[in-house]
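The structure appears below as C-alpha cells.
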Amino acid sequence: MADQAGNLTFAIIKPDAVGAGNTGKIIDRIIGGGFRIRAMKMIHQTRKQSEGFYEVHRGKPFYEGLTEFMSSGPCVVMVLEKDGAVKAWRDLMGATDPTKADEGTIRKEFGGSVGENATHGSDSDENAAIEISFFFSKLELV
Ligand code: IDP
Ligand code: MG
361 MADQAGNLTF
371 AIIKPDAVGA
381 GNTGKIIDRI
391 IGGGFRIRAM
401 KMIHQTRKQS
411 EGFYEVHRGK
421 PFYEGLTEFM
431 SSGPCVVMVL
441 EKDGAVKAWR
451 DLMGATDPTK
461 ADEGTIRKEF
471 GGSVGENATH
481 GSDSDENAAI
491 EISFFFSKLE
501 LV
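Start counting the sequence shown at 361; every next residue gets the next number (this note's numbering).
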C-alpha cells in the first residue's frame, strides 16, 4: 500500500516498559490490534536526542524529567501502519496517565505513572511524519 497521511504513525516502547521485560507483550498487542509493523529498532537515546524529539514540550514542568527518563535506557521505536493509524494507536495505548486509562489499554496494563507510561504515540498525521523521519529513513520502511 502506498504510504499516505492517515495510515502511518510513530510509536515508542519507552525505557520503563523495555526495562520491565514488557517489550514482547506490547508488540503482541500491536500485532493483535491489527497494525502492520513497517519499521522497528532498539535504540538508547542520548539526552540531546530525547530533548530534540520532545522539543515541543520544552519549558513544560515535566520536560527535564521526561527527557532524562527517555534517555535512561533502551527503547524500541516503530512505524505502525493501519487505517487511521494515529487515533487507532492512541486508542490502544490509552490515556497519558495510566490511572485514567481505560481497562484493556497498554498504558493501563503496563504504565507505572503519568511520566513512565510505557509507550509513546504521535498525536497527528503531521507529527507522525515528523517523528518517523526523526528516527527512520524512507528506505527503512518495509
Ligand atoms: P502523550 O504521550 O499521551 O501524547 P503528552 O502530553 O504529549 O502525552 O506528554 C508527553 C509525555 O510527557 C507523556 O507521555 C509523559 O511521559 C510525559 N508527561 C506528560 N504530562 C506529564 C506530567 O504531568 N508529569 C510527568 N510527565 C508527564
Ligand atoms: Mg503527545
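All C-beta atoms, glycine included, are put in the ideal place defined by N, C-alpha and C.
- Considering only 440, 384, 446 and 458, the residue with the shortest C-alpha distance to residue 484 is 446.
- Judged by beta-carbon spacing, residue 461 lies within the 7 Å limit of residue 454, meaning their Cβ atoms are closer than that value.
- Between the segment 400-413 and the segment 423-442 there are three or more C-beta pairs closer than 8 Å, enough to call the two in contact.
- Judged by their CB atoms, residue 398 and residue 437 are not nearer to each other than the 7 Å cut-off.
- Taking 8 Å as the upper bound for CB-CB distance, residue 481 and residue 369 are in contact here, some 6 Å apart.
- For residue 487, the CB stays at least 6 Å from every heavy atom of the ligand IDP.
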